[in-house]
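Residue numbers (my numbering), protein chains in the order written: chain L, 1 to 224; chain W, 1 to 224; chain U, 1 to 224.
See below for the structure under consideration.
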Amino acid sequence: MLRGFSPDLILALNLLGTFVFGISGGLAAVRHQLDVFGAIVLAIVVGLAGGIIRDLLIGIPPVTFRDWGYLAAAGGAGLVTSLGHPLIGRLQRPIDTLDAVGLSVFCVTGAAAALANGLGVASAIILGAITGIGGGMVRDLLVQEIPVVLRRGLYAIPALLGATVVVLAYKSGNHSVVFPIVGALLCFSVRMAGLRYELNLPAAKDLPGSVDPRRLRKDDRRSK
Amino acid sequence: MLRGFSPDLILALNLLGTFVFGISGGLAAVRHQLDVFGAIVLAIVVGLAGGIIRDLLIGIPPVTFRDWGYLAAAGGAGLVTSLGHPLIGRLQRPIDTLDAVGLSVFCVTGAAAALANGLGVASAIILGAITGIGGGMVRDLLVQEIPVVLRRGLYAIPALLGATVVVLAYKSGNHSVVFPIVGALLCFSVRMAGLRYELNLPAAKDLPGSVDPRRLRKDDRRSK
Amino acid sequence: MLRGFSPDLILALNLLGTFVFGISGGLAAVRHQLDVFGAIVLAIVVGLAGGIIRDLLIGIPPVTFRDWGYLAAAGGAGLVTSLGHPLIGRLQRPIDTLDAVGLSVFCVTGAAAALANGLGVASAIILGAITGIGGGMVRDLLVQEIPVVLRRGLYAIPALLGATVVVLAYKSGNHSVVFPIVGALLCFSVRMAGLRYELNLPAAKDLPGSVDPRRLRKDDRRSK
Chain L
1 MLRGFSPDLI
11 LALNLLGTFV
21 FGISGGLAAV
31 RHQLDVFGAI
41 VLAIVVGLAG
51 GIIRDLLIGI
61 PPVTFRDWGY
71 LAAAGGAGLV
81 TSLGHPLIGR
91 LQRPIDTLDA
101 VGLSVFCVTG
111 AAAALANGLG
121 VASAIILGAI
131 TGIGGGMVRD
141 LLVQEIPVVL
151 RRGLYAIPAL
161 LGATVVVLAY
171 KSGNHSVVFP
181 IVGALLCFSV
191 RMAGLRYELN
201 LPAAKDLPGS
211 VDPRRLRKDD
221 RRSK
Chain W
1 MLRGFSPDLI
11 LALNLLGTFV
21 FGISGGLAAV
31 RHQLDVFGAI
41 VLAIVVGLAG
51 GIIRDLLIGI
61 PPVTFRDWGY
71 LAAAGGAGLV
81 TSLGHPLIGR
91 LQRPIDTLDA
101 VGLSVFCVTG
111 AAAALANGLG
121 VASAIILGAI
131 TGIGGGMVRD
141 LLVQEIPVVL
151 RRGLYAIPAL
161 LGATVVVLAY
171 KSGNHSVVFP
181 IVGALLCFSV
191 RMAGLRYELN
201 LPAAKDLPGS
211 VDPRRLRKDD
221 RRSK
Chain U
1 MLRGFSPDLI
11 LALNLLGTFV
21 FGISGGLAAV
31 RHQLDVFGAI
41 VLAIVVGLAG
51 GIIRDLLIGI
61 PPVTFRDWGY
71 LAAAGGAGLV
81 TSLGHPLIGR
91 LQRPIDTLDA
101 VGLSVFCVTG
111 AAAALANGLG
121 VASAIILGAI
131 TGIGGGMVRD
141 LLVQEIPVVL
151 RRGLYAIPAL
161 LGATVVVLAY
171 KSGNHSVVFP
181 IVGALLCFSV
191 RMAGLRYELN
201 LPAAKDLPGS
211 VDPRRLRKDD
221 RRSK
């Protein structure tokens with residue numbers, strides 16, 4: 001699928017995505033007063049979880065875990081974040097942008113890996129999205145928050161869109177490198193538009209028995 | 001193990017179980033004010049997680065994930081629930097009954113899959129139960145509740161009983177289709193009896209350092 | 001790697017570690033007022049999760065799950081703990097010591113399993129640590145606590161140290177049985193020193209937006 005790309009470029013993008021997701025793990029650790037070590041662990045988990053879940057669902061040994069480059073990229077992000085968080089905390093906008101880059105890269109490479117292992121259309125699309133959003137879901141679980149991706153629609157939907165472009169092109173016989181690029185750009189654009197305009201899907205708010213909103217994160221409540 | 005059954009019947013039962021578990025995921029999403037997308041995701045997770053965990057523990061690629069039928073059954077349940085929750089919320093009794101059907105089907109087919117892959121008695125029984133209860137455990141984790149199956153004994157015990165019937169019959173050389181039926185009926189009956197009479201195993205309540213009961217769900221506290 | 005050891009000794013140590021971790025799962029269940037069944041389930045999860053995660057990350061079928069000995073050791077620990085918790089609750093010091101033994105055994109055997117399956121230095125060290133700490137992380141997730149290992153540095157660091165000794169010795173060609181012993185003793189010593197002197201890594205405490213400390217467990221706050 002991605003054979004038109006330079007392997008070095010794919011690796012570089014994957015490492016960039018891993019590093020950026022590692023930062024988001026490190027920032028979650030800082031916000032929850034974890035120590036340096038906790039920040040590194042959380043960064044590795046967030047950086048690698050998407051790819052590990054992808055490989056487990058495909059049924060192959062998790063490849064990123066065997067590659068020290070990914071471990072170093074994610075762990076380094078955790079260390080940097082833990083030490084430099086007052087500065088990094090002020091860089092919310094560039095971090096959000098980099099996070100969207102990571103999401104875009106992972107949904108495309110995840111879908112490509114699923115296709116390369118023979119999965120069908122629906123499975124490959126979902127697997128692409130899972131590769132993008134899996135790290136953030138595990139991050140939120142570990143710090144005891146309901147995964148933000150379940151609460152804010154415009155995180156997973158861009159990933160699904162990007163993966164859909166890749167999968168539909170591949171299944172209709174178009175193996176051009178254009179489609180992964182289009183898929184990644186589509187994912188990136190929708191994600192950035194969602195951030196810019198704080199878009200959300202409608203939620204069922206008025207159900208009796210709804211959960212105490214204090215369980216939600218402060219910054220999420222504000223945008224609702 | 002289940003070769004005496006029509007594969008169509010097994011597939012139909014598995015899809016029914018997946019759909020019903022998907023509804024329970026969708027209802028949890030509605031209760032936590034997740035949006036439509038969150039409801040679909042949670043429904044897919046709850047509908048497929050039991051089978052995925054089963055296959056990972058056996059050591060084979062997760063088969064349900066590769067089958068768009070399961071994805072459609074679970075995701076459709078999430079969509080329906082999110083859109084129609086005021087109606088579905090009133091259908092608690094039929095949903096509980098269908099959920100017991102899903103539990104009964106999955107504990108039997110899960111145990112059969114474990115046996116077909118050469119696992120021993122204890123492992124196959126536990127794997128059958130995990131197939132039945134895994135989805136609900138993951139659902140509760142994602143919405144930040146202590147898994148209800150850990151707190152209310154008569155959810156996992158019926159699944160263990162049903163799996164035990166299947167495994168013991170198989171290991172003693174009885175490959176008749178009667179035993180999976182008996183196992184499923186036993187699981188179903190015990191589960192329904194537990195619901196009807198609100199049966200629970202004894203808990204250790206008076207330990208110093210016990211956890212604030214506000215962490216427990218309202219409807220669970222009532223039945224204690 | 002561990003071929004210099006008697007297989008019986010390794011099995012005995014692994015079963016001891018599984019039993020001890022099962023007790024910690026059972027105690028968590030009692031503290032959260034779970035019933036007898038919940039205590040057994042949590043004990044099995046805590047006792048086996050480290051090894052299962054290890055095998056999934058290596059990419060092999062989880063072996064401990066197929067062995068009824070591990071299931072019996074962990075489940076028995078949960079049963080004993082649930083029934084005898086007033087006594088066991090008073091045995092905090094011997095339990096901490098046994099838990100350190102389990103951590104030391106698992107980080108060494110986990111690293112050895114990773115090496116035997118061809119993983120590199122960084123992956124094998126981390127996998128050894130994960131084998132030791134995975135059970136406790138899953139335990140905390142299931143009872144809705146931020147994993148203690150993320151908050152208290154001197155639980156995972158001893159496991160990393162022990163695994164590092166094993167991996168570096170093996171990769172430099174030293175297959176002597178001395179190194180696993182040294183690794184386990186190093187892990188055990190650092191863990192016990194951490195417990196004795198309540199050592200912790202520095203955390204970032206003063207960040208705006210930090211999380212309500214009521215989410216932390218009482219006994220952890222005291223030691224901060």
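Virtual Cβ for every residue (Gly too), placed ideally from N, Cα, C.
What is the C-beta distance between residue i and residue j, in whole angstroms, given that I count them as a contact (C-beta under 8 angstroms)?
i: I88 of chain L; j: L27 of chain L; result: 7 angstroms
i: L127 of chain L; j: G110 of chain L; result: 6 angstroms
i: F188 of chain U; j: A100 of chain U; result: 5 angstroms
i: A156 of chain L; j: A193 of chain L; result: Not quite, the Cβ-Cβ distance comes to about 15 angstroms (not below 8 angstroms), so this is no contact.
i: L34 of chain U; j: L150 of chain W; result: 5 angstroms
i: L15 of chain W; j: D96 of chain W; result: Actually they are not in contact, since the Cβ atoms of L15 of chain W and D96 of chain W sit about 19 angstroms apart, beyond 8 angstroms.
Which same chain residues end up closer than 6 angstroms to residue i when comparing Cβ atoms and leaving out the 5 residues on each side of it in sequence?
i: A12 of chain W; result: none
i: G79 of chain L; result: A small correction: the amino acid at residue 79 of chain L is Leu; Gly does not occupy that position in the sequence shown. These residues qualify, in order along the chain: I40.
i: S210 of chain L; result: No answer about S210 of chain L holds up, because its pLDDT of 41 lies below 50 and its placement is not dependable.
i: F21 of chain L; result: V46, G47, G102 and G135
i: H32 of chain L; result: V143
i: P7 of chain L; result: none
i: L98 of chain L; result: V20
i: A73 of chain L; result: L15, T18 and F19
i: P158 of chain L; result: C187, V190 and R191
i: A169 of chain W; result: F179
Can the beta-carbon of residue i be found closer than 8 angstroms to that of residue j?
i: A226 of chain U; j: S123 of chain U; result: Here chain U comprises residues numbered 1 to 224, so residue 226 of chain U is not present and cannot be evaluated.
i: V63 of chain L; j: D55 of chain L; result: yes
i: G50 of chain L; j: G134 of chain L; result: yes
i: F65 of chain L; j: L57 of chain U; result: yes
Keeping to the same chain, check which residues put their C-beta closer than 7 angstroms to that of residue i; ignore five residues upstream and five downstream.
i: L186 of chain U; result: L161, G162 and V165
i: K171 of chain U; result: V121
i: M137 of chain L; result: P147 and V149
i: I125 of chain L; result: A111, L160, A163, T164 and V167
i: V25 of chain W; result: Note on identity: in this sequence residue 25 of chain W is Gly, with Val being the wrong assignment. Excluding positions up to five away in sequence, the list reads L42, A43, V45, V46, G47, G78 and R139.
Can you give me the C-alpha to C-alpha distance between residue i and residue j, rounded to a whole angstrom?
i: R139 of chain U; j: F19 of chain W; result: 29 angstroms
i: V148 of chain L; j: A29 of chain W; result: 13 angstroms
i: L42 of chain W; j: V36 of chain U; result: 29 angstroms
i: G69 of chain U; j: P61 of chain U; result: 17 angstroms
i: Y197 of chain W; j: R191 of chain W; result: 10 angstroms
i: P94 of chain U; j: G17 of chain U; result: 13 angstroms
i: V108 of chain L; j: G75 of chain U; result: 43 angstroms
i: L9 of chain W; j: I181 of chain W; result: 12 angstroms
i: Q92 of chain U; j: R90 of chain W; result: 48 angstroms
i: L83 of chain W; j: G38 of chain W; result: 12 angstroms
i: G132 of chain U; j: L154 of chain U; result: 13 angstroms
i: H85 of chain U; j: I23 of chain U; result: 10 angstroms
i: A174 of chain W; j: G173 of chain L; result: Note on identity: in this sequence residue 174 of chain W is Asn, with Ala being the wrong assignment. Whole-angstrom Cα-Cα distance: 50 angstroms.
i: S104 of chain W; j: E145 of chain W; result: 24 angstroms
i: T81 of chain W; j: D67 of chain W; result: 22 angstroms
i: I53 of chain U; j: I52 of chain W; result: 14 angstroms
Please list, in chain order, all residues of the same chain as residue i whose beta carbon is under 8 angstroms from its beta carbon, the five residues on each side excluded.
i: G59 of chain L; result: N117
i: L119 of chain L; result: I58 and L127
Contacting positions in the stretch 42-65 of chain W - beta carbon closer than 9 angstroms to chain U: L56, L57, I58, G59 and I60
Where the stretch 10-40 of chain L meets chain U: residues whose CB sits under 9 angstroms from a CB there: Those would be A29, V30, R31, H32, Q33, L34, D35, V36, F37, G38 and A39, in chain order.
task: Could you run through the stretch 107-125 of chain L and flag, in chain order, every residue whose CB is less than 8 angstroms away from some CB of chain W?
output: L119, G120, V121, A122 and S123
message: At a CB distance below 7 angstroms, what residues from the stretch 128-153 of chain U approach chain W? Give them in sequence order.
response: L141, L142, V143 and Q144
query: Using Cβ-Cβ distances below 8 angstroms, what residues of the stretch 68-85 of chain W are close to chain L?
result: W68, L71, A72, S82 and H85
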